[in-house]
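What the sequence shown shows, in this note's numbering, is residues 129 to 289, in sequence order. In this text, a Cβ means the ideal position worked out from N, Cα and C, and glycines have one as well. All figures in this text were calculated on a predicted structure; none of them were measured in a lab.
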Amino acid sequence: MQKHTQNIGEGVYRERLTPSLWILVSAAVVAPMASLVFVPIDTTLALIAGLAVGVAVVAVMIAGSPVIEVRDGSLRAGRARIEVHHIADPRVDEGEDARLARGARLARDSWHLIRGGIDATVTVEVVDPDDPTPSWVMSTRTPDRLAAAIRHAQVRSTPGR
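Printed below as a string of structure tokens:
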């Protein structure tokens with residue numbers, strides 16, 4: 129279900145934060161409900177409509193999933209983008225630390241890209257004095273890869289290296 133593109137040699141990382149399989153299966157429950165609406169008209173039409181609605185709902189959920197990407201010296205998380213030289217070294221949190229990063233330690237003015245069912249997080253502090261956002265907190269299925277891609281992009285974007 130998840131799609132990753134990763135080539136640390138070029139500093140490229142891409143992850144689509146797709147919903148978990150259980151969420152997609154739960155969303156597909158709308159198919160029989162849509163079918164029931166059309167049963168009084170025609171059972172064949174009801175079957176086709178239910179199938180079409182179920183597929184459409186799942187497709188929209190996957191296509192609408194946010195993307196985390198490190199490319200060309202910038203980090204993109206959902207609709208936000210920041211140059212990697214404006215962020216500090218990434219911190220990987222898993223288990224209890226990730227739960228705290230998504231909860232008690234979560235600053236209200238940080239940029240959040242948090243998805244249920246994805247336990248690990250990567251947090252980067254923003255070091256740009258003109259940026260009012262103190263940090264970014266992102267859910268990720270591959271936190272070590274994301275952190276490595278950010279570090280690699282930071283090394284490549286640092287002048288004199």
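Spatial distance of residue i from residue j (CA atoms)
i      : j      : result
Thr171 : Ser193 : 33 Å
Arg227 : Ala174 : 43 Å
Met129 : Leu149 : Bear in mind that a pLDDT of 47 at Met129, under 50, signals an unreliable position, so the number given afterwards is only what the model happens to contain. Their Cα atoms are separated by approximately 8 Å.
Val157 : Thr268 : 27 Å
Val283 : Ala177 : 53 Å
Ala155 : Ala180 : 13 Å
Val167 : Val183 : 19 Å
Met189 : Ile151 : 9 Å
Thr270 : Pro262 : 23 Å
Ser202 : Pro218 : 14 Å
Where residue i sits in the DSSP three-state scheme
i      : result
Val265 : strand
Arg230 : helix
Arg279 : helix
Ala191 : helix
Asp247 : coil
Ser163 : helix
Val255 : coil
Arg204 : strand
Arg236 : coil
Integer-rounded CB distance, given that residue j should sit under 8 Å from residue i
i      : j      : result
Asp210 : Val254 : Note that residue 210 is Ile in the sequence shown here, rather than Asp. About 7 Å; that satisfies the 8 Å criterion.
Val265 : Ala229 : 6 Å
Tyr141 : Ala277 : 3 Å
Exposed unless 16 or more other CB atoms sit within 10 angstroms - verdict on residue i
i      : result
Pro147 : buried
Glu143 : buried
Ala159 : buried
Asp256 : exposed
Leu164 : exposed
Ala221 : Residue identity check: residue 221 is Asp in the sequence provided, not Ala. Answer is buried; the Cβ neighbour count reaches 16.
Residues bridged to residue i [DSSP beta-bridge criterion]
i      : result
Asp225 : DSSP lists no partner for Asp225.
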